[in-house]
Structures are given as C-alpha cells and as structure tokens.
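To keep things clear, I will list the structure first and then write my remarks on it.
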Amino acid sequence: MDLKRKRGDNWTRQEKELFINIMRHSSSIIENKNTDTDANKQKLAEWQKIERKFRQLSGTSRQISQLKGVWRRMKMTAKKNVSQNLNPSEEDRTIMEICSNMEKNANDPISVKYQSEQESVDSVCDESLSDKEDVTEEALTIPTDSEVLTVDNPPNVVPRNDNIKILLNAPKIQKQKFFGKKERFRRIKTSHKTLSDSNLLIKEQSLKLLQAEYDLKLEYQRRELQYQKEKHKIELQILMLEKEKKELEIAALKKIY
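In structure tokens, the structure reads:
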C-alpha cells in the first residue's frame, strides 16, 4: 500500500515572518557547518529553543521536524528565486541576507574563532544555570601570555564554572559577568517596572496637557461670551442715541413750521 506523508498545516504570513525573525538570531548555530558531537548538541538545543519561542509568541505548536523542513524549503526557494532573477520577495531577500552573513562569518577566521570560543563559554554557563545554583556573579579571568592557547595548541583542560578562562588573542576581554536565574528575573522585573513607570508618567503628562487645553477652551468661550454681551450693549446704546437724535430733529422741524 502506498503510504503518503502527512502534510503539516499551512503557515500564515505572520507565522513565517515571526519564524524568520527568530531564525535571524539563531542562524549562527543552526547554519554551523560543523557536524561534530558538540555542534550537533548545540543545534538540537537551539532548535528546542526555537520551537519553544515560536510556540510562546505565535500560540501555534510546531514540531522541530516541521520547523526544520520549513526552514530548508525557505532557503531552497529563496536561492532559486534570487539565482533565476524571479523577482524575489522581501522574505527571500531576508533569508539570503541571513545566509550571506553566515558565509561571511564562516570565511572570516577571526569571526569563526571568536564565535566558537563564545559558544563554548555560553554552553558552560548554561550548564551552570541548569544545576539551579544561585550564581549571582562569576568573573572571567584573563590568562597571561604564557597561559594563552592558540589553534595550534588546543586546550586539554575542561573549564570550571567558578573560574572560566577566555582564550582570545584579540580583543582581550577584561571582565564579564554572568547572572543567575534569580538575578536575571530581578533585572527583567525591574526593567518592566521602569517601563511601566515611564508609560504611566507619559499618560499623566498627556492628561495634564489635555486638561490645560480644555481649560483654555473654556476661558476662550467665557471671554467670547463676555465680548458678545459688551458688543450687544454698545449696539443698543447706539440705537438709543440715534432714536434721540431723530426725535430732536422732528421737534426742531415742528418749531420751524
């Protein structure tokens, strides 16, 4: 019996844009050409992060296999449209930009070395956080000239959580801090509170401006009404004077005749 693969649900444009935006930040790991054990572990962990982030932001559950298939088809379609000059869409140009940036970084030895070393540091930090230790601050010690290891002399010592040595030739990082889950949560909560306070202050200022504008309109209407009353009063006085003038003229004519 001929079995057919079950096709996944169609993706909306909003889901595709969200997925491409997520992949823009994760492509440095996903598009890594290395296939060793560490690279494969990093890719799997990154795909799990992508799947979790996509589910949280879109509200739609997609399996990792579906995400991989969609990303592979997006790249193939973008390369085809760009190579054949088939009027590529904004989506195709964005995907090709992501791929081209990865190729540039892959051809740059300094960028490759910095990226691999940075990923190794990030993996060590993730392991320390997964142990649920309240690590509030860990300093990274800069090795001396005798301790600096190069590509020709790879390190054989596994870095420890309490003392991670950065093996960079340039640029040298003087000090870097890692924060535990509680500290990161506190910082996020503080930033949210600051943003809420700023929004509240903006709303209060807007209300004050609206109140001032309303008061000015009331004052303008009051003065306009007062002006109209004074104008009407003066017009009545003018009419009364004209009436008296006519009466005096009539009385003078009667005396003459």
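In terms of this note's numbering, the sequence shown opens at residue 14 and continues consecutively. Ideal placement from N, C-alpha and C gives every residue a C-beta, glycine not left out.
When the beta-carbon positions are compared, residue 73 and residue 44 stay at least 8 Å from each other. Setting aside the 5 residues that flank it on each side, residue 52 is surrounded in the same chain by 45, each with a C-beta closer than 8 Å to its C-beta; the list follows chain order. Taken through DSSP and simplified to helix, strand or coil, residue 69 comes out as helix. Taking the C-beta atoms as reference points, residue 31 is found no nearer than 8 Å to residue 78. In this structure, DSSP gives residue 209 a helical state, which the three-state scheme calls helix.
In the three-state reduction of the DSSP assignment, residue 97 falls in the coil class. By the neighbour-count criterion, in which a residue is buried when 16 or more other Cβ atoms sit within 10 angstroms of its Cβ, residue 55 is buried. Taking 8 Å as the cut-off, the beta carbon of residue 63 is found no closer than this to the beta carbon of residue 108. By the beta-carbon neighbour count (other beta carbons within 10 angstroms, threshold 16), residue 42 is buried. Here DSSP, grouped into helix, strand and coil, assigns residue 82 to helix. With contacts defined as CB atoms closer than 8 Å, residue 98 and residue 105 fail to qualify as a contacting pair.
In this structure residue 247 is exposed. Its beta-carbon is surrounded by fewer than 16 other beta-carbon atoms within 10 angstroms.
In the three-state reduction of the DSSP assignment, residue 107 falls in the helix class. Going by DSSP, residue 40 is part of the alpha helix (DSSP H) stretching over 26-43.
Between the alpha carbons of residue 260 and residue 254 lies a gap of roughly 10 Å.
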